[in-house]
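Asker:
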Ligand SMILES: NC(=O)c1ccc[n+]([C@@H]2O[C@H](COP(=O)([O-])OP(=O)(O)OC[C@H]3O[C@@H](n4cnc5c(N)ncnc54)[C@H](OP(=O)(O)O)[C@@H]3O)[C@@H](O)[C@H]2O)c1
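Numbering (the numbering used here), first residue to last: 20 to 372.
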């Protein structure tokens with residue numbers, strides 16, 4: 020358990036990103052003093068502060084510093100002292116990135132942050148943002164559980180999305196590093212994150228946002244997946260509450276928390292729900308993932324990398340649920356949250372996605 024705000028600071032990487040912003044609000048709202056590490060800090064600080072103030076946080080507890088995870092020592096211009104927890108959220112979260120670009124941030128960058136954190140004598144916890152597919156990896160990804168040759172690694176990346184594979188590789192490289200250095204870690208693995216449950220607000224353009232945009236524009240003639248396809252969602256405010264409180268719960272040390280709303284309906288019903296909020300008809304037909312994967316992207320209109328997330332897998336959320344119960348946190352109402360998120364996306368013209 021971390022003590023009061025005077026006992027030390029929390030460092031958040033990727034603080035300017037979608038999840039990072041809500042986490043800053045939640046942490047400072049709970050009285051923690053937070054160092055937000057961002058690129059182009061001078062340019063972004065004022066906006067980030069006003070976001071935090073406008074979303075229930077306390078900008079007085081926020082310090083914005085310049086940092087770049089791919090640089091030795093994170094490119095910090097002044098040493099940080101008294102950091103007791105690191106939340107590592109910075110990642111190249113983008114479909115279509117090259118293998119080397121994705122690995123530079125999601126593998127080497129992650130290890131650089133872990134190295135820096137392991138050198139902080141005050142550190143008590145390292146919180147890593149993974150992704151829910153990490154807890155149900157396809158067999159090829161299991162090769163990353165042990166160090167592998169460059170050739171074997173290249174074979175795994177071939178034909179797959181670099182974002183998804185680099186997240187698996189980074190996670191396992193981190194686990195080995197943490198075991199060697201005795202780093203006290205917690206990994207949080209969210210599913211697709213949708214907007215704030217109260218307003219629908221989001222900054223995320225990838226994934227399901229693109230699906231809602233296609234539906235709304237009448238450009239989705241068929242669905243992908245079957246009756247049991249499960250693409251779970253979680254609201255960003257729920258995720259931020261879970262994240263902010265893991266450092267208060269000793270039981271989460273060494274745990275992988277899969278954070279998603281188990282009430283998310285199967286994909287056909289979810290798409291029907293989204294179509295209703297968009298005021299359009301849901302597509303009547305479904306195509307198997309294997310068929311869509313074989314079509315050129317210009318024809319299917321679907322980003323190939325997103326197909327890795329369209330599966331019938333179910334996920335074990337028991338550790339995250341137990342943590343949420345212990346902290347008195349509940350998922351907000353699902354249908355209302357999905358509706359607000361759709362309305363926000365429509366009003367914001369899908370963030371120009
Ligand atoms: N959102 C989801 O649905 C979802 C689901 C599962 C897991 N996750 C994971 O959650 C984490 C946060 O995701 P997010 O949705 O908040 O993504 P995001 O909005 O893209 O934010 C990522 C942040 O990382 C920063 N970043 C990237 N490369 C960096 C570098 N080399 N040095 C310093 N900062 C760097 C970006 O900064 P710039 O603004 O300067 O580019 C950005 O602020 C990621 O690890 C992601 O894989 C997200």
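We put the CB at the ideal spot given by N, CA and C, even for glycine.
Given 8 Å as the limit, is there contact between the region 215-228 and the region 252-260, that is, 3 or more CB pairs closer than that?
Answerer: They touch, by the three-pair rule.
Asker: I think residue 189 touches residue 129, with their Cβ atoms under 8 Å apart; what is that distance to the nearest whole Å?
Answerer: 4 Å
Asker: Tell me which residue opens and which closes the alpha helix (DSSP H) that residue 176 is part of.
Answerer: 169-176
Asker: Entirely within the region 167-247 and at least 4 residues each: give me those alpha helix (DSSP H) ranges in chain order.
Answerer: 169-176, 181-200 and 227-235
Asker: Compute the minimum distance between the beta carbon of residue 31 and the heavy atoms of ligand 1, and state whether it is under 7 Å.
Answerer: Residue 31 has its Cβ no nearer than 7 Å to any heavy atom of ligand 1.
Asker: Between residue 294 and ligand 3, is the CB less than 7 Å from at least one heavy atom?
Answerer: This structure lacks ligand 3; its bound ligands are ligand 1.
Asker: Smallest Cα separation from residue 202: which of 324, 133 and 219?
Answerer: 133
Asker: Closer than 6 Å by C-beta to residue 290: which residues in its own chain qualify, once you throw out the five before and the five after it? Chain order, please.
Answerer: 242 and 301
Asker: As a quick exercise: from 333, 179 and 358, pick the residue whose alpha carbon is nearest that of residue 220.
Answerer: The residue with the shortest Cα to Cα distance from residue 220 is 358.
Asker: How big is the Cα-Cα spacing for residue 123 and residue 49?
Answerer: 33 Å
Asker: Nearest-angstrom Cα distance between residue 23 and residue 370?
Answerer: Unreliable positioning characterises residue 23 in this predicted model, as indicated by a pLDDT of 39, which lies under 50. The coordinate reading is nonetheless provided below. Residue 23 and residue 370 have their C-alpha atoms spaced approximately 38 Å apart.
Asker: With residue 106 as the anchor, note down where its beta strand (DSSP E) starts and where it stops.
Answerer: 102-107
Asker: Going by the CB atoms, is the gap between residue 345 and residue 45 shorter than 8 Å?
Answerer: no
Asker: Between residue 89 and ligand 1, is there a pair consisting of the residue's CB and a ligand heavy atom that are separated by less than 7 Å?
Answerer: yes
Asker: Kindly indicate the opening and closing residues of the beta strand (DSSP E) around residue 379.
Answerer: Residue 379 lies beyond the range of the chain shown here (20 to 372); nothing can be said about it.
Asker: Near residue 106, what residues of its chain come up, given a Cβ to Cβ distance below 6 Å and the 5 sequence neighbours on each side ignored?
Answerer: 31 and 146.
Asker: What do you reckon, are the CB atoms on residue 43 and residue 57 nearer than 8 Å?
Answerer: no
Asker: Is residue 332 helix, strand or coil by DSSP?
Answerer: For residue 332, the secondary structure class from DSSP, reduced to helix, strand or coil, is coil.
Asker: Residue 346 bridges to which residues according to DSSP?
Answerer: Bridge partners of residue 346: none, in fact.
Asker: Looking at the structure shown, is residue 69 part of a helix, part of a strand, or coil, going by DSSP?
Answerer: helix
Asker: Kindly list the residues whose CB is nearer than 8 Å to the CB of residue 192, restricted to its own chain and excluding five residues on each side of it in sequence; keep chain order.
Answerer: 126, 129, 130 and 163
Asker: Are the Cβ atoms of residue 71 and residue 51 separated by less than 8 Å?
Answerer: no
Asker: Count the other CB atoms within 10 Å of the CB of residue 183; is the residue buried (16 or more) or exposed (fewer)?
Answerer: buried
Asker: Which residues in the same chain have their Cβ closer than 7 Å to the Cβ of residue 366, if we skip the five residues on either side of it in sequence?
Answerer: none
Asker: With residue 286 and residue 248 assumed to form a contact (beta carbons below 8 Å), what rounded beta-carbon distance in angstroms separates them?
Answerer: 4 Å
Asker: For my contact list, residue 38 and residue 108 are in at a C-beta cut-off of 8 Å; report their separation, rounded to the angstrom.
Answerer: 6 Å
Asker: Would you grab the beta carbon distance between residue 149 and residue 186 for me? Rounded to a whole angstrom, and I think it's under 8 Å.
Answerer: Distance from residue 149 to residue 186 at the Cβ level is roughly 7 Å; contact confirmed, criterion being Cβ atoms closer than 8 Å.
Asker: Assign residue 180 to one of two classes, buried (16 or more other C-beta atoms within 10 Å of its C-beta) or exposed (fewer than that).
Answerer: Residue 180 should be labelled buried.
Asker: Please identify the residue among 228, 168, 176 and 137 whose C-alpha is closest to the C-alpha of residue 199.
Answerer: 137
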